[in-house]
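Residue numbers (the working numbering), protein chains in the order written: chain A, 111 to 404; chain B, 225 to 351. Backbone N, C-alpha and C define an ideal beta-carbon position, used for all residues, glycine too. Shown next, in structure tokens, is the structure this report addresses.
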Amino acid sequence: MKTIKILTLGALAVSMSFAAEASSVTPVDQCRLALDNAKTNLPSNAYAAKLTLAEGYGSLNALETIYADDDDSELIPTFLENCKKYAEIAKLQSETQAIQNHIAENWEKRAATNRTIEAIQEQIGEARSGKVSDLEAEKQAIKAQKDKLEASKNEAMDKLNALQSQMIQVTKDARGIILSMSDILFDVGRATLKTDLMTSLAKIAGILSVYQQFDVSIEGNTDNTGSEEFNMTLSQQRAENVMNFLVEQGIAETRLTAKGLGMTMPIADNSTKEGRQKNRRVDLVITDRTQKVK
Amino acid sequence: MKAKIFACCSAIALAALTGCSGSQSGINRSLGQADATRSLVNENKLDASMTSDSYAKLVAAKALKEDGKIEEAQALAEQSELEMRLAIAKSENEKVKNEDKKLEESLRADEERKVLYQSILEKETKK
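And the structure:
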């Protein structure tokens, strides 16, 4: 109980000391403090706030006069209240102006950002149109190349067609252009090339040397007379001899292949003389390398 | 609106600085100023709860003037007028805060668009 009394007295003493301190702050001081606080962080262009503060300080002067005349005047609370209102209004106006300044800055930032975006959009447009024209040019180049190859092929075909004779048949199938040479151009049962054949092959070599896109597969064929082994060997030798001749004429070996097919690939009936005659042949299958790639 | 408030403030400042309190012309000016501010409040369509007290004070100030209590009437008229100005200041402050917020969002959206376009440009130029 005694302790409680002591504590109560202590608390009373403390509160009295605070009250005494508070009463030492006059209404005039309170007004001035409120106005001075409102002045802090005042933007330089916060004119409305500055005018309000001017009014507030005018009100402070009036309060000082009243307080000096009579510190118990009934007008003091109202004047103090008004002074605090001026400070509050000035503070709000100051803050409003600061926000408006920030808004103005942000509008400038937006304008700058939008200018940058427009510039980037232009760059994207340029990059894309550049690509389109590159692609178009590439397409045209491919087409021109294709047209050139086609023209070259047609030209070669015309020249090869010109070789058409009783001994050389020129045909065209899915594999390419086929020059079928009759075995009349070879000695009977031998693989040696006759002069007429060499003349024709020299012409073919001339054409092949101009039209480099062509490869040649040389295929030796026989009829069904004689042993299979003999026919296979003979057809292989004839094909190789044709190939060797073409190499001698300057055609790269890499463009040529030779194989003997013997009697395995007849093109006519072996039971007739005419059929067997057709089957005894060497085929030059001319293929377009550029089309193989595709 | 701002111009009107500015003119209003200027007039009050002038009145305050020329020391007109207590005089007949002073109370008339204060009451006139409070009435003009009330018109501004009405134009600004402020929430009635923000200004009802200040209207009541203005009415009371006019009554005090009629009773010949000039000083009290002037102090109350000034108080009424200040409360209305405070309401206007709060309303303006809210408006600019909202505008600022919206603008911040727009700016952020612009920045995002910029980043997006930059990434598109990088892709287009890398291909």
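Helix or strand or just coil, what does DSSP make of residue i?
i      : result
B/T261 : helix
A/M291 : strand
A/V135 : coil
A/K369 : strand
B/K293 : coil
A/G240 : helix
A/E246 : helix
A/I377 : coil
A/E184 : coil
A/K160 : helix
A/K304 : coil
If contacts are defined as beta-carbon pairs under 8 angstroms, then residue i and residue j qualify, I think. What distance do you get, rounded to the angstrom?
i      : j      : result
A/T332 : A/G372 : 6 angstroms
A/L173 : A/C193 : 6 angstroms
A/F355 : A/M308 : 6 angstroms
A/S183 : A/I176 : 5 angstroms
A/T223 : B/K338 : 6 angstroms
Does any residue of chain A have a CB that is nearer than 8 angstroms to the CB of residue i?
i      : result
B/V283 : no
B/V330 : This sequence places Ser at residue 330 of chain B; Val is not what is there. Cβ-Cβ to chain A under 8 angstroms: yes for B/S330.
B/Q248 : no
B/D324 : yes
B/K338 : yes
B/T275 : no
B/E295 : yes
B/Q342 : yes
B/T349 : yes
B/A240 : Bear in mind that a pLDDT of 46 at B/A240, under 50, signals an unreliable position, so the number given afterwards is only what the model happens to contain. So, interface residue.
B/E335 : yes
B/L345 : yes
B/L255 : no
B/L288 : no
Counting only beta-carbon separations shorter than 8 angstroms, does residue i have a partner in chain B?
i      : result
A/E205 : yes
A/Q347 : no
A/N211 : no
A/R225 : no
A/Q233 : yes
A/N155 : no
A/N216 : yes
A/A315 : no
A/R142 : no
A/L145 : no
A/L202 : yes
A/A237 : yes
A/I199 : yes
Is residue i close to chain C, meaning its C-beta is less than 8 angstroms from at least one C-beta of that chain?
i      : result
A/K219 : Absent from the structure is chain C; the protein chains it does hold are A and B.
What residues in the stretch 297-322 of chain B have a beta carbon less than 8 angstroms from any beta carbon of chain A? Correct list: A299, L300, E302, Q303, L306, E307, R309, L310, A313, K314, E316, N317, V320 and K321.
Beta carbons nearer than 7 angstroms to chain B: which residues of the stretch 248-280 of chain A have them? Against chain B - using a Cβ distance shorter than 7 angstroms - the stretch 248-280 of chain A contributes no residues.
Complete runs of the alpha helix (DSSP H) confined to the stretch 336-371 of chain A [at least 4 residues]: Within the stretch 336-371 of chain A, the complete alpha helix (DSSP H) runs of at least 4 residues are 338-358.
Can you give, in chain order, each stretch of the alpha helix (DSSP H) that sits fully within the stretch 310-346 of chain B and has at least 4 residues? Runs of the alpha helix (DSSP H) inside the stretch 310-346 of chain B: none found.
Output, in sequence order along the chain, the residues in the stretch 172-197 of chain A whose CB is closer than 8 angstroms to any CB in chain B. For the stretch 172-197 of chain A, the set of residues with a beta-carbon nearer than 8 angstroms to any beta-carbon of chain B comprises A172, E184, L185, T188, F189, E191, N192, K195 and Y196, in chain order.
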